[in-house]
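Chemist: Here it is: the structure, laid out below.
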Amino acid sequence: MLSKSPKLRAVLFRCAQSIPVVIGVVIISFLLTRALPGDPAVYFAGVAADEASIEQTRIEMGLDKPLVQQFFVYVGDLLRGDLGQSLSSGQAVATDLANRLPASLELTLTALILACAIAIPLGILAATRPGTWVDHLCRVVVTAGVSLPTFFTGILLIYIFYYLLGIAPSPLGRLDFIYLDPDHVTGFYLIDAALMGDWETWRGAAKQLMLPAITLALFTLAPIARMTRASMLTALSSDFIRTARAAGLSSRKVLYGYALRNALLPVVTTLGMVFSFALGANVLVEKVFAWPGIGSYAVEALVVSDYAAVQGFVLAMALLFVALNLVIDLLYAVIDPRIGFTAQ
Amino acid sequence: MSDVSADHVGTGAPRLPTENAPAIALAPVEPIATEGPQQTSGTFDHLIYVLKANPVTLFAFIMFGLLIVSAVFGPSLVPYDPLQTNAANALQPPSWAHWFGTDNVGRDVFSRVIVATRLDLSISVAAVALSFVVGSALGGIAGYWGGWIDSVLNRFLDTIMAFPLFVLAMGIVAALGNTIENIIYATAIINMPFYARLVRAEVNIRRDAGFARAAKLAGNSDLRVLAFHIFPNALPPMMVQVSLNLGWAILNAAGLSFIGLGVRPPTPEWGIMVAEGANFIVSGEWWLAVFPGLWLMIAVFTFNLLGDGLRDIVDPRKRT
């Protein structure tokens, strides 16, 4: 059956490719947890620990065993979803992360959708009208976008829209305290509030979300616009477009039916990279807007030296990113009919 | 020398022997005739040509010069001691005496911003230099010898790239300890894959090239061929990468210190100054955060423009 379906084989091959990466990610995060400054046993035993209790912690944590054995214990813990205990919240790191992940995802996805909605049309316009003001605008946006420190953009937006204009709510979390949190269904406040039919809360959540999402979108806009413009230019100068034009197709059909469809393939690939940037930038944006996501969780944990939480966060982000890249590549295989054959 | 010939040199158009030029009737005779004897100034002329045609790149070079000046001479140029507190003069808005205003303990923001240039640039230059050296060595070895070394390196790089890079930097600093050196190491590690990949690709396509084989036949050792014959070919694209990376490294280091890693107060550093100023932005004291942030942005912007400009100089075909 496999030999008959090159596409399925390509998909399976791609899935198999991510296995060594996952193994590598786990090894690196294991090394990071074991490279803690000083003796982890002393650290985890707490401040008031004496020699005996440190030794006891060491044995409890398995730190007296050889490194390879520790690694397998670590992997076993991971497979059971155990990322260790957070010292600051007193809960399991995995639980904390799961509770806070929807907030981060809601922010990141809103920002990415916003960025795509602006960047792709901008890139198309710039590619179809090279040398005009749209093209120059695109270039300025692209260069300025990658130069903007996200934390600085966020602060600037707070100053303008909260302090000067007074149209944005105070930058403190996902929902003003006058609203009640919507019932937990997906953890995405916008979706949950819509499901409840509570549009008052929905508006409140959307207002809170706007500034951080714009901050993150400004940052992710640049690579998307740049890639759209470049790949659109390539597509427009290719033979099949010339043929389509010569065949007398309307310029609309040529532009959106043929050029754009082909140009979007590299853009989809870029989205994977952009997501990586966005996940990193998320940490900073969440800190600026006191957004209760996993990024600000990691920052809070860093401040109080809660290493298990930080390393759990790093590992979770990496696994999320690997999974996302896999999805994007599979999506690529679905939208690009050629991919199955090249993998043979 | 006219613009036309300068462009010829840069685009790598086939160089015609001077005496053949008239034979190609349509080519303008005068510019090509000057091309032969002035070979050495070709690159320089091209540089001038690019700078003339692209004022943005010229601007980037000027900004770069200013940054270097404030990094080198900053501490002796600024009007106030960046650490000198003055409680009576706290939170003053920008004025002639204090161009960028004063912060919550009365320190002069302008002096702090300028003095911080040295630290921010040093961190990013050190990190980029480190990743340049390590990345070149690894990429060169993998590209030249290939085989299992290549596969292992590729797997390793894939793994690093599998992390969201800023997050990995956070993890590394958290694991190694919260110091400026570790910020440099973390930034170097997350930048290293880009250099290693670039060098690997550039070396790989040339390892069997005629000149490399000739060098080998002439009795050079593998290492010598790699280091002195093949590797220099990778330098032009590397320079572009370095410039773009410097901007990115500054952003990264400032981001890390913004969340409280590495640099400690009261050391003047852009990221930490923005972080401190952020507390005052909601009460309207904008100058505390805006000026260091603006400077950070200008520095990154300069390096990005410089990278794009260098790309035009190195390879005019790759303009996007």
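The listed protein sequences derive, respectively, from chains A and B.
Just so we're aligned: 239 in my numbering is position 239 of the first sequence, and the numbers increase by one with no gaps anywhere.
To get my numbering, take the position in the second sequence, counting from 1, and add 1000.
Positions of the beta carbon are idealized from the N, C-alpha and C atoms, including for glycine.
With a CB to CB cut of under 8 angstroms and the five nearest residues on each side skipped, what residues in its chain are close to Pro-1265/B?
Modeler: The answer, listed in chain order, is Ile-1272 and Glu-1276.
Chemist: Out of curiosity, what's the CA-to-CA distance linking Trp-1286/B and Gly-90/A?
Modeler: Straight-line Cα distance between these residues: approximately 38 angstroms.
Chemist: If Ala-278/A sits next to Leu-216/A, beta carbons under 8 angstroms apart, how far is it from one beta carbon to the other, in whole angstroms?
Modeler: Right, the Cβ-Cβ distance comes to about 6 angstroms (below 8 angstroms), so this counts as a contact.
Chemist: Would DSSP call Asp-82/A helix, strand or coil?
Modeler: Looking at Asp-82/A - three-state DSSP - the assignment turns out to be coil, as it is neither helix nor strand.
Chemist: Could you work out which residue in Tyr-1144/B, Thr-1179/B, Met-1192/B and Ile-1183/B is closest to Ser-1158/B when comparing CA atoms only?
Modeler: One detail in the question is off: residue 1158/B reads as Asp in this sequence, not Ser. Nearest C-alpha to Asp-1158/B: Met-1192/B.
Chemist: Under the rule that 16 or more other beta-carbon atoms within 10 Å means buried, what is His-1098/B, buried or exposed?
Modeler: Burial call: buried.
Chemist: Taking only runs that begin and end inside the region 83-154 of chain A, name each unbroken beta strand (DSSP E) of 3 or more residues, in chain order.
Modeler: Fully enclosed beta strand (DSSP E) runs of 3 or longer: not present.
Chemist: Output needed in chain order: residues of the region 1285-1318 of chain B with a Cβ under 9 angstroms from some Cβ in chain A.
Modeler: Those residues of the region 1285-1318 of chain B that come within reach of chain A (Cβ to Cβ, closer than 9 angstroms) are Trp-1286, Ala-1289, Val-1290, Pro-1292, Gly-1293, Leu-1294, Leu-1296, Met-1297, Ile-1298, Ala-1299, Val-1300, Phe-1301, Thr-1302, Phe-1303, Asn-1304, Leu-1305 and Asp-1308.
Chemist: Going by alpha carbons, who is nearest to Asn-1252/B out of Thr-128/A, Thr-150/A, Val-327/A and Asn-262/A?
Modeler: The shortest Cα separation from Asn-1252/B among Thr-128/A, Thr-150/A, Val-327/A and Asn-262/A belongs to Thr-150/A.
Chemist: Just to confirm my understanding: we take Gln-85/A, look at its own chain, exclude 5 residues before and 5 after, and list those with CB closer than 8 angstroms. What are they?
Modeler: If we look at Gln-85/A and ignore the five residues flanking it on each side, its Cβ neighbours are Gln-91, Ala-92, Val-93 and Ala-308.
Chemist: Enumerate in chain order the residues of its own chain whose CB-to-CB distance from Leu-1026/B is below 6 angstroms, with the five nearest sequence positions on each side excluded.
Modeler: Confidence at Leu-1026/B is low in this model, with a pLDDT of 42, below 50, so its placement is unreliable and the value that follows should be read with caution. Contacts found: none.
Chemist: Is Cys-138/A buried or exposed, if buried means 16 or more other CB atoms sit within 10 Å of its CB?
Modeler: So Cys-138/A counts as buried.
Chemist: Between Leu-114/A and Ala-213/A, what straight-line distance do the alpha-carbon atoms span, to the nearest angstrom?
Modeler: Taking the straight line from one Cα to the other gives about 8 angstroms.
Chemist: Roughly how many angstroms lie between the CA atoms of Asn-1178/B and Leu-1198/B, to the nearest whole one?
Modeler: Going by the C-alpha atoms only, they are around 31 angstroms apart.
Chemist: Tell me the rounded alpha-carbon separation between Leu-326/A and Phe-72/A.
Modeler: If I take the Cα positions, the gap works out to 26 angstroms.
Chemist: Can you tell me the Cα-Cα spacing of Asn-1089/B and Thr-1102/B, whole angstroms?
Modeler: Approximately 7 angstroms between the Cα atoms of the pair.
Chemist: Quick check on the burial criterion: 16 or more other C-beta atoms within 10 angstroms. Buried or exposed for Tyr-256/A?
Modeler: The residue in question, Tyr-256/A, is exposed, as its Cβ has fewer than 16 Cβ neighbours within 10 Å.
Chemist: Ordered along the chain, which non-local residues of its own chain (more than five positions away) have a Cβ less than 8 angstroms from that of Ser-29/A?
Modeler: Taken in chain order, the residues that qualify are Gln-311, Val-314, Leu-315 and Ala-318.
Chemist: Val-310/A versus chain B: which residues are under 8 angstroms apart at the beta carbon?
Modeler: By Cβ distance, chain B contributes Met-1170, Gly-1171 and Ala-1174.
Chemist: Can you give me the C-alpha to C-alpha distance between Val-274/A and Ala-1060/B, rounded to a whole angstrom?
Modeler: Straight-line Cα distance between these residues: approximately 26 angstroms.
Chemist: From the DSSP secondary-structure annotation, give me the bridge partner or partners of Asp-1208/B.
Modeler: The partner list for Asp-1208/B (beta bridge, DSSP) is empty, contrary to what the question assumes.
Chemist: In whole angstroms, give me the CA-to-CA distance for Met-1001/B and Leu-1051/B.
Modeler: Since pLDDT at Met-1001/B reaches only 34, below the 50 mark, its modelled position is unreliable, and no value is offered.
Chemist: Of the residues that make up the region 1269-1282 of chain B, which ones have a beta carbon closer than 9 angstroms to any beta carbon in chain A?
Modeler: Listed by position along the chain: Trp-1270, Gly-1271, Val-1274, Ala-1275, Gly-1277, Ala-1278, Ile-1281 and Val-1282.
Chemist: Can you find the residues in the same chain that come closer than 7 angstroms, C-beta to C-beta, to Ala-1212/B, ignoring five residues on each side of it along the sequence?
Modeler: Within the same chain, Ala-1212/B has close Cβ partners Arg-1206, Val-1225, His-1229 and Ile-1230.
Chemist: Pull up the distance between the alpha-carbon of Val-1069/B and that of Asn-1279/B, whole angstroms please.
Modeler: Their Cα atoms are separated by approximately 31 angstroms.
Chemist: When the cut-off is 9 angstroms and only beta carbons count, does Asp-1158/B lie next to chain A?
Modeler: By this cut-off, Asp-1158/B is an interface position.
Chemist: Report buried or exposed for Gln-208/A, applying the criterion of at least 16 other Cβ atoms within 10 angstroms of its Cβ.
Modeler: Buried, because 16 or more other Cβ atoms sit within 10 Å of the Cβ of Gln-208/A.
Chemist: Within a Cβ cutoff of 8 angstroms, which residues of the same chain sit near Leu-67/A, ignoring the five residues on either side of it in sequence?
Modeler: For Leu-67/A, where only same-chain residues beyond five positions count, the Cβ hits under 8 angstroms are Arg-34.
Chemist: Buried or exposed for Trp-199/A, going by 16 or more other Cβ atoms inside 10 Å?
Modeler: Exposed, since its Cβ has fewer than 16 Cβ neighbours within 10 Å.
Chemist: Output yes if chain B places a C-beta closer than 9 angstroms to the C-beta of Gly-280/A; else output no.
Modeler: Gly-280/A counts as touching chain B.
Chemist: Which residues in the same chain as Gly-81/A place their Cβ atom closer than 6 angstroms to its Cβ, once the five residues preceding and following it in sequence are excluded?
Modeler: Within the same chain, Gly-81/A has close Cβ partners Ala-94.
Chemist: Alpha carbon to alpha carbon, what distance is there between Trp-291/A and Arg-174/A?
Modeler: In a straight line, the C-alpha of Arg-174/A is about 6 angstroms away from that of Trp-291/A.
Chemist: With DSSP as the reference, label Asp-1108/B as helix, strand or coil.
Modeler: The answer is strand: DSSP assigns Asp-1108/B an E or B state.
Chemist: For Leu-107/A and Leu-172/A, what's the separation of their Cα atoms in angstroms?
Modeler: For Leu-107/A and Leu-172/A, the distance between alpha carbons rounds to 14 angstroms.
Chemist: In terms of residue numbering, what span does the alpha helix (DSSP H) encompassing Leu-1066/B cover?
Modeler: Start and end: 1055-1077.
Chemist: Going by other Cβ atoms of all chains shown within 10 Å of its Cβ, with 16 needed for buried, is Cys-15/A buried or exposed?
Modeler: With fewer than 16 other Cβ atoms within 10 Å, it is exposed.
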